[in-house]
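Student:
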C-alpha cells in the first residue's frame, strides 16, 4: 500500500502484542488489548507509516486486527500462531500508581516467538525495538539492513533476567530509552546526570532517561536536553506510557526524515505529549482515539509552557 | 549609598540570620553562617541593591558583617541584640540527602525578634518575606508602603505550627513559593498541577511549586511555566537552596523592574541556577563566591538545554 516516498520513512515496530487485565485504584479493565508493539505502533502511526512485527494466538480476532488496521498499521509482519492463545498479562497498581505488581503472566504463543522480518521490512529506515527480551531485539537487528536508525526500549525485568544480553545489545543501537529507576539499577547512580553519561559508555550513541511525571532528559553528543512532562491531572492507567513514548518518538523522527539533535528535541516533546494521552484512560483507548490534532495541540502547549524568551 | 535609580529597584529581604551546624553523609560543617535572610540577601545582591532585616546576637562579629557587606547588602535593618547569642540551628542529612533531621534549635535573640523597617525601607518596591514565622512576615507587610511586589517563602514547620497565620498571610502576597511536599501538605493534593490552582485559591496572585532536582512550576494568571532544574551532579549541602532560589528570583525581578509573566519565567531560571550553586558546597560558601558571571553562564546553559526550536 505504501508509496516509495512513504516507505523511505517507514517505522518498523517490534514487541509484544497482548491481552492485558489491569486493576487500578479506580477500575478493573477486564481483558483488553495491550502489548508494547500495540502501544508503540499506534503511537508511531500518528506520524509515519508503521509496520508491526509480533505474534498473536487464537483469541486475537478481527476486532483487534481492525483496531490496528484503522491506524493503517502494516500487519504483514504479525505472525498468527494457531497453537495457542495470545500473550496475557495481568497487573495491579497501588495507590497513586506508586507501585505495580504483576498478578499473572501467560506467555502462550509468545513463548515460541522469533521475530521474522518480511523481506520488504529489512530496509526500514527506522526501527523501534519495543520492550521485549533483549535477545529478540537483537534478532531484529540481525535482519535489518545497515543504516537504519534504531531505538531500543527496555524494562526492569530484563535488567534482572537478561542483563548480559541487554549489555550486548546496547552498542548496536542508536538510541536507548529507559526510566530513572532502570538507569539507577543499570549504572548504580541515582542522579540521572551521572547515570546518563555512564549509559552512553555502554554503547548507544544517544540515551533518554524518563522520569515519569517529572519529564525526561536526552543525552546527546551535542549536549543535554531536559523537558518537563506534559501536565496530567488525572492518571487513569500508566500501562503503555513508555511504549507510546517510544513509538511517538521514532514516528516523529521518521516523519522529519532526520535524527539530528534539534529534531530529537522536538520528537521528545511529541513523545511526552503522546504518553500523556495514553495514561488518561485504561489501556489503549485514549491513545487510539486521541487523533493527531490533539497531539499537535499538546505539543504546542508544551513548547509554550517551557519557553524562556 | 544608593542612588535614586537603585532605590527604585531595591529588594528588601527579611528572615533569619543564623549560625548553622550541618552534618551530611560527606561532612560536618562546624559552626557556620546561615539563615534564610543570609542566603536570600546574598542571592538577591547579585541582581539588585539589597536590604536585610533581621536580628543577630553577641557572637555575630565583624567577620560575618563583612561577608554581607562584601555583597553591598544594606544592613541598616539588621538589629544587634546584645542580650544573647544569634539564632543557632543544627541538622543532619540522611543518605542521598533524602531526609533532614533537626538536631538542635536555639532561638536565642531571635525569640524576641520583631522586624522593624527603617523609614527608608518602607517604600521598597520588592520585598522577600523569607522563611520565618508567618506572623513576622505579616508584620513586615504592615510596615510596607502599598504597591510593593511581595514574595513569601515558607517551610513545612509553619504548616504544622502556624497554619492559620500562614493562611491569613497568603491573600496579602503577590507570589507564594513552596515545595511539592508542602503543597501536598497544604492542599491535600500530591499532583502539583492540581495543587497549584488550589494554592491560588488561597489568595496569592502567583504560585511557584519547587520540585528539587526535578525543577519548578510557575502558576500565573497568564498560564503555566515548567522548568527543569539546572543539572547538579554532586550535591554537598541542600541547606539554603530554597532561600537562594527566592532571593535570586526577586533580585532578577527587581533588576528587570518588571513582574510580568515573561520576566517571571526568566527570573525562575535565574532562581534555579543560583540554587544549583548553593547546593554545591557546605553553607553559604559557593553562593558567596560564585559571582554573577557563573550565574549568567548557567542561565544561558539552562535556556539552551530546555529550548525546542
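Protein chains in written order, with our numbering: chain A, 1 to 309; chain B, 310 to 618.
Every residue, glycine too, gets a C-beta built ideally from N, C-alpha and C.
Quick check on residue 388 (chain B): does DSSP put it in helix, strand or coil?
Tutor: Taking the first residue of the second chain as position 1, residue 388 (chain B) is located at position 79. DSSP places residue 388 (chain B) in strand when its eight states are reduced to three.
Student: Can you tell me which of A:38, A:198, A:39 and A:43 puts its alpha carbon nearest to the alpha carbon of residue 267 (chain A)?
Tutor: By 1-based counting over the first chain, the position of residue 267 (chain A) is 267. Comparing Cα positions, the closest option is A:43.
Student: Assess, as a yes-or-no matter, whether the region 535-553 of chain B is touched by the region 574-590 of chain B under the definition of 3 or more beta carbon pairs within less than 8 angstroms.
Tutor: Yes, the region 574-590 of chain B touches the region 535-553 of chain B.
Student: Can you tell me which of A:225, A:143 and A:229 puts its alpha carbon nearest to the alpha carbon of residue 317 (chain A)?
Tutor: Residue 317 (chain A) is absent from the model: chain A starts at 1 and stops at 309.
Student: Among all the DSSP beta bridges, which residues are the ones paired with residue 505 (chain B)?
Tutor: Residue numbering aside, residue 505 (chain B) sits at position 196 when the second chain is read from its first letter. Residue 505 (chain B) is not bridged to any residue.
Student: Do residue 386 (chain B) and residue 552 (chain B) have their C-beta atoms within less than 8 angstroms of each other?
Tutor: What you label residue 386 (chain B) is simply residue 77 of the second chain in a count that begins at 1. What you label residue 552 (chain B) is simply residue 243 of the second chain in a count that begins at 1. No. Outside cutoff.
Student: For the region 177-209 of chain A, which residues have a CB atom closer than 7 angstroms to at least one CB atom of chain B, in sequence order?
Tutor: Here the close residues are 190, 191, 193 and 194.
Student: Quick check on DSSP: helix, strand or coil for residue 214 (chain A)?
Tutor: In the first chain, the residue the question calls residue 214 (chain A) occupies position 214. In the structure shown, residue 214 (chain A) sits in a helix (DSSP, three-state: H, G or I).
Student: What residue range does the beta strand (DSSP E) around residue 413 (chain B) cover?
Tutor: Here residue 413 (chain B) refers to the residue found at position 104 of the second chain. Where residue 413 (chain B) is concerned, the enclosing beta strand (DSSP E) stretches over 409-415.
Student: Under the three-state reduction of DSSP, which class applies to residue 529 (chain B): helix, strand or coil?
Tutor: Mapped onto the second chain, residue 529 (chain B) falls at position 220. The answer is strand: DSSP assigns residue 529 (chain B) an E or B state.
Student: Just checking: is the beta-carbon of residue 392 (chain B) within a distance shorter than 8 angstroms of some beta-carbon in chain A?
Tutor: Here residue 392 (chain B) corresponds to residue number 83 of the second chain, with the count starting at 1. No, no contact with chain A.
Student: Counting only the same chain and skipping the five closest in sequence on each side, list residues whose C-beta sits under 7 angstroms from that of residue 313 (chain B).
Tutor: Numbered from 1 along the second chain, position 4 holds the residue referred to as residue 313 (chain B). Low local confidence applies: a pLDDT of 40 at residue 313 (chain B) is under 50, so the model's placement there is unreliable, and no value is given.
Student: In whole angstroms, what is the alpha-carbon distance linking residue 344 (chain B) and residue 593 (chain B)?
Tutor: If you number the second chain from 1, residue 344 (chain B) lands on position 35. If you number the second chain from 1, residue 593 (chain B) lands on position 284. One C-alpha to the other measures close to 9 angstroms.
Student: Would you call the region 392-399 of chain B and the region 319-334 of chain B in contact, with 3 or more CB pairs under 8 angstroms?
Tutor: Yes: the two stretches touch, three or more of their Cβ pairs being nearer than 8 angstroms.
Student: Under 9 angstroms, CB to CB, which of the residues in the region 420-441 of chain B have a partner in chain A?
Tutor: So nothing in the stretch comes that close.
Student: Please work out which residues of its chain come closer than 6 angstroms, Cβ to Cβ, to residue 301 (chain A), disregarding the five sequence neighbours upstream and downstream, and give them in chain order.
Tutor: As a position in the first chain, residue 301 (chain A) is number 301, starting the count at 1. Cβ within range, chain order: n/a, list empty.
Student: Is residue 381 (chain B) buried or exposed, if buried means 16 or more other CB atoms sit within 10 Å of its CB?
Tutor: Position 72 of the second chain holds residue 381 (chain B). Flag for residue 381 (chain B) reads exposed.
Student: Rounded C-beta distance between residue 108 (chain A) and residue 85 (chain A)? I'm assuming under 8 angstroms.
Tutor: Counted from its first residue, the first chain places residue 108 (chain A) at position 108. Counted from its first residue, the first chain places residue 85 (chain A) at position 85. Confirmed, about 4 angstroms.
Student: Check whether the region 147-157 of chain A and the region 169-180 of chain A are in contact - that is, three or more C-beta pairs closer than 8 angstroms.
Tutor: Because the criterion of three Cβ pairs below 8 angstroms is met, the region 147-157 of chain A and the region 169-180 of chain A touch.
Student: Could you list which residues in chain A have their beta carbon closer than 8 angstroms to that of residue 533 (chain B), in chain order?
Tutor: The residue you call residue 533 (chain B) lines up with position 224 of the second chain. Simply 231 and 305.
Student: Does residue 220 (chain A) come within less than 8 angstroms of chain B when only Cβ atoms are used?
Tutor: Residue numbering aside, residue 220 (chain A) sits at position 220 when the first chain is read from its first letter. No - not a single Cβ of chain B is within 8 angstroms of the one on residue 220 (chain A).
Student: Within 10 angstroms of its Cβ, does residue 597 (chain B) collect 16 or more other Cβ (buried), or is it exposed?
Tutor: Residue 597 (chain B) sits at position 288 when you count from the first residue of the second chain. Its Cβ being crowded by 16 or more others within 10 Å, residue 597 (chain B) is buried.
Student: Can you pull the DSSP bridge partners for residue 22 (chain A)?
Tutor: For the purposes of this step, residue 22 (chain A) is taken as residue 22 along the first chain, with counting starting at 1. In DSSP, residue 22 (chain A) forms a bridge with A:91.
Student: Looking at the unbroken beta strand (DSSP E) that takes in residue 50 (chain A), where does it start and where does it end?
Tutor: Taking the first residue of the first chain as 1, we reach residue 50 (chain A) at position 50. Unbroken beta strand (DSSP E) run through residue 50 (chain A): 50-56.
Student: Can you list the residues of chain A that residue 575 (chain B) reaches, using a CB-CB cut of under 7 angstroms?
Tutor: If you number the second chain from 1, residue 575 (chain B) lands on position 266. Residues of chain A passing the Cβ test: 308.
Student: Check the C-beta distance from residue 346 (chain B) over to residue 323 (chain B) and give it rounded, since I have them as a contact under 8 angstroms.
Tutor: Numbered from 1 along the second chain, position 37 holds the residue referred to as residue 346 (chain B). Numbered from 1 along the second chain, position 14 holds the residue referred to as residue 323 (chain B). With 8 angstroms as the limit, residue 346 (chain B) and residue 323 (chain B) qualify as a contact, their Cβ atoms being about 6 angstroms apart.
Student: For the putative contact between residue 325 (chain B) and residue 419 (chain B), defined by C-beta atoms under 8 angstroms, what is the C-beta separation to the nearest angstrom?
Tutor: Here residue 325 (chain B) refers to the residue found at position 16 when the second chain is read from its first residue. Here residue 419 (chain B) refers to the residue found at position 110 when the second chain is read from its first residue. Indeed they touch by this definition, with Cβ atoms about 6 angstroms apart.
Student: Would you report the Cα separation of residue 250 (chain A) and residue 216 (chain A), rounded to the nearest angstrom?
Tutor: Position 250 of the first chain holds residue 250 (chain A). Position 216 of the first chain holds residue 216 (chain A). Their backbone Cα atoms lie some 16 angstroms apart in a straight line.
Student: Once you ignore the five residues that flank residue 367 (chain B) on each side, which residues in its own chain have a CB closer than 7 angstroms to its CB?
Tutor: To locate residue 367 (chain B), count along the second chain from 1; it is residue 58. Around residue 367 (chain B): 391, 393 and 394.
Student: Apply the 10 Å Cβ neighbour rule to residue 201 (chain A) and answer buried if 16 or more other Cβ atoms are within range, or exposed otherwise.
Tutor: What you label residue 201 (chain A) is simply residue 201 of the first chain in a count that begins at 1. When all chains shown are included, residue 201 (chain A) counts as exposed.
Student: Per the DSSP calculation, residue 11 (chain A) is bridged to which residue(s)?
Tutor: The residue given as residue 11 (chain A) occupies position 11 in the first chain. A:50 and A:126.
Student: With 7 angstroms as the limit, tell me which residues of the region 237-254 of chain A have their beta carbon closer than that to any beta carbon of chain B; keep them in chain order.
Tutor: Cβ contacts with chain B come from no residue of the region 237-254 of chain A.
Student: Using the three-state DSSP reduction, which class does residue 113 (chain A) fall into: helix, strand or coil?
Tutor: As a first step, residue 113 (chain A) is located in the first chain; it is residue number 113 there, counting from the start. In the structure shown, residue 113 (chain A) sits in coil (DSSP, three-state: anything other than H, G, I, E or B).
Student: If residue 566 (chain B) and residue 318 (chain B) are in contact, beta carbons under 8 angstroms, what's the gap, nearest whole angstrom?
Tutor: Counted from its first residue, the second chain places residue 566 (chain B) at position 257. Counted from its first residue, the second chain places residue 318 (chain B) at position 9. Right, the Cβ-Cβ distance comes to about 6 angstroms (below 8 angstroms), so this counts as a contact.
Student: Apply the 10 Å Cβ neighbour rule to residue 340 (chain B) and answer buried if 16 or more other Cβ atoms are within range, or exposed otherwise.
Tutor: Counting from one through the second chain, the residue named residue 340 (chain B) turns up at place 31. Burial call: exposed.
Student: For residue 537 (chain B), would you say it is in contact with chain A, using Cβ-to-Cβ distances shorter than 8 angstroms as the test?
Tutor: Taking the second chain and counting its residues from 1, one reaches residue 537 (chain B) at position 228. It does: the Cβ of residue 537 (chain B) has a partner Cβ on chain A nearer than 8 angstroms.
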